[in-house]
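Before any comments, here is the structure.
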Amino acid sequence: MSTKNFGLNISGYINKQFGLGEGVRSNIRAIQTTDVPYVINDFNITLSKHVKDDDQNKLIVSEKNPYNINLVQINIDRLHSVMQQTDKSYFENKYNIAFWAWELENFPEESKLFFSLFNEIWVPSNFCTEAISKVSPVPVIKMMHSIEIEKPLFTRKDFNLSDNKFIFMTMFDYYSSFVRKNPIATIDAYENAFGKNNSEVILLIKTSISQEFPEDKKLLIDRIGDNKSIIIIEEILERNKLYSLMNCCDCFVSLHRSEGFGLTMAEAMHLGKPVIATAYSANTEFMNINNSFLVKYNLIKTGDQYYYSTEKDIWADADIYHCSEQMKLVYENRELASDIALRGQKDVKEFLSPQVIGNKIKNRLEIINKEIIPNLSQKTSTDESLLKFEIKLLEEKLNKIRSLKPVQWKIKFKNFQNKLRGRNRKYFWE
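Here it is, written out as structure tokens:
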């Protein structure tokens with residue numbers, strides 16, 4: 001591994017219009033403020049047909065990764081696909097960094113497999129750092145997302161929204177877990193504060209496409225019922241239109257149960273909006289009582305409501321009544337809300353600017369290049385790590401084959417014959 005070809009190969013969902021796509025673009029924005037050489041590699045992983053490409057994206061993608069450091073911005077749920085579709089030469093003789101976000105206090109044990117592929121892990125928050133460090137054999141480094149928003153071009157008229165009503169907005173992606181995003185709690189708090197069919201206020205709920213989540217969509221529709229002051233916009237919007245929609249609202253609300261960063265909250269603050277949010281997890285690293293409206297909570301067991309949760313996992317259950325009080329406070333005290341929102345805007349623009357984050361990335365990359373890479377063994381462990389990973393993939397495929405009913409019957413018949421003949425014959429794949 002050489003230090004002469006210093007630079008960064010950034011890979012991920014470069015053009016995808018969802019949170020993980022914006023996450024990798026935030027790091028690209030940050031690195032573009034520095035003089036670190038870089039290229040962008042796009043992993044064309046098959047996702048839902050409802051996850052669209054951003055046609056406004058002007059990023060230039062390369063087929064090569066010429067520099068000595070890889071930054072792979074794919075979460076653990078899709079790493080199998082990446083490894084199967086990517087030539088192993090991509091990782092050979094490179095210092096490999098994974099960028100992961102995680103929403104629970106514990107990182108799944110079964111994900112230990114992935115650590116062997118990387119020299120270190122980057123995460124967007126201390127919350128993620130603490131979760132992943134518990135099980136990681138490699139360094140875990142916090143590198144927060146950068147926030148930069150171009151001037152919104154669309155107005156309320158473009159979205160058929162009233163100019164005379166106060167708009168609370170919440171937003172979630174069905175693929176990011178309906179239960180974790182907790183929109184039902186926001187509806188509860190809103191109705192507790194303003195009742196049903198209030199003519200002065202609106203709760204705007206922006207969602208992704210729900211086609212693959214009919215049960216979650218039904219829960220949402222049933223909870224809204226006949227409240228005509230609650231509006232759903234179910235559409236994938238390109239970034240400027242999405243930011244314009246956020247800019248049209250008067251207050252942004254997130255009663256999430258847990259966040260690995262809290263991108264939408266940071267974006268709303270950057271736009272100068274009052275933000276009401278659960279005072280738990282990663283968003284509290286840029287939100288406080290001086291720059292936002294935090295909501296009290298109780299910790300509860302996640303139970304079986306979240307795919308990755310275990311018996312020991314917990315998350316927040318926001319205090320509905322406290323959120324209602326915060327909503328009424330923002331609505332009734334516009335000047336106070338504006339002052340706090342402006343402080344939030346100032347903090348986010350200073351704390352999470354591409355220049356600030358870019359400088360942190362550059363400093364870490366220079367340490368890696370000057371102090372870490374020269375001390376690594378000349379024979380890197382990439383081949384061994386990839387081999388272990390491939391063996392694990394084969395084991396998983398074999399286990400799936402073993403679970404097939406025809407195969408199970410074949411094993412049972414073989415075991416029956418063994419018992420009759422007093423032998424212990426096994427198939428080589430058992």
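Start counting the sequence shown at 1; every next residue gets the next number (the UniProt record's numbering). Positions of the beta carbon are idealized from the N, C-alpha and C atoms, including for glycine. Predicted, not measured: the structure shown is a model, and the values here were computed from it.
The three-state reading of DSSP puts C251 in strand, counting E and B together. Taking a 10 Å sphere around the C-beta of P37, we find fewer than 16 other C-beta atoms and assign the residue as exposed. Contact check between the stretch 321-341 and the stretch 74-89: fewer than three CB pairs, one atom from each, fall below 8 Å, which does not count as touching. S11 carries a strand assignment under DSSP once its states are collapsed to helix, strand and coil.
In the three-state scheme derived from DSSP, where H, G and I count as helix and E and B as strand, K64 is classed as coil.
For Q73, the enclosing beta strand (DSSP E) has its first and last residue at I69 to Q73.
In this structure, the CA atom of V61 is about 7 Å from the CA atom of D42. In the DSSP assignment, L79 falls within the unbroken alpha helix (DSSP H) covering L79 to Q85.
Per DSSP, A318 is one residue of the beta strand (DSSP E) stretching across I314 to A318. Annotation: the continuous alpha helix (DSSP H) that includes W409 extends over K405 to R421.
Under the three-state reduction of DSSP output, M171 falls in the strand class.
For the pair K165 and D250, the Cα-to-Cα distance works out to about 9 Å. Counting along the chain, the unbroken alpha helix (DSSP H) around F194 starts and ends at P183 to F194. Between I147 and Y243 a beta carbon distance of about 11 Å is seen, past the 8 Å cut, so the two are scored as non-contacting. Looking only at F213, E335 and I202, the smallest Cα-Cα distance to C248 is reached by I202. Cβ contact annotation for L294 (same chain, cutoff 6 Å, sequence separation greater than five): A279, in chain order. When DSSP assignments are scanned along the stretch 92-153, the uninterrupted stretches of beta strand (DSSP E) that are 3 or more residues long and fall wholly within it turn out to be 95-99, 120-123 and 140-142. Spatial neighbours of K196 in its own chain (CB-CB distance under 6 Å, excluding positions within 5 residues in sequence) are listed in chain order as N227. For T310, no beta strand (DSSP E) run applies, since DSSP gives it neither H nor E. Spatial neighbours of G272 in its own chain (CB-CB distance under 7 Å, excluding positions within 5 residues in sequence) are listed in chain order as A341, L342 and Q345. Taking a C-beta distance under 8 Å as the contact criterion, Y67 and N15 do not qualify as a contact pair. For A277, DSSP records a beta bridge to S254 and L294. Exclusion of the five residues before and after V72 leaves S11 and A98 as the residues of its chain whose Cβ lies within less than 6 Å of its Cβ. Taking the Cα positions, K405 is about 10 Å away from K412.
Taking the Cβ atoms as the reference, G260 lies roughly 5 Å from E103, within the contact range of under 8 Å. F178 sits in a helix when the DSSP states are folded into three classes.
Counting the other CB atoms within 10 Å of its CB gives R425 a total below 16, which places it among the exposed residues.
Secondary structure note for K346: its alpha helix (DSSP H) is the uninterrupted segment R334 to F351. By the neighbour-count definition (other C-beta atoms within 10 Å, threshold 16), E350 is an exposed residue. Counting only residues of its own chain and dropping the five nearest sequence neighbours on each side, F286 has a CB closer than 7 Å to the CB of A266, D347, V348, F351 and L352.
Looking only at K301, R402 and S258, the smallest Cα-Cα distance to F178 is reached by S258. Under the three-state reduction of DSSP output, L204 falls in the strand class. In the same chain as P274, and ignoring 5 residues on each side of it, the C-beta atoms closer than 7 Å to its own belong to C251, F293, V330, A337, I340 and A341, in chain order.
About 7 Å separates the Cβ atoms of V123 and A101, confirming a contact at the 8 Å cut-off. If you check the CB distance, Y297 and D319 come in under 8 Å.
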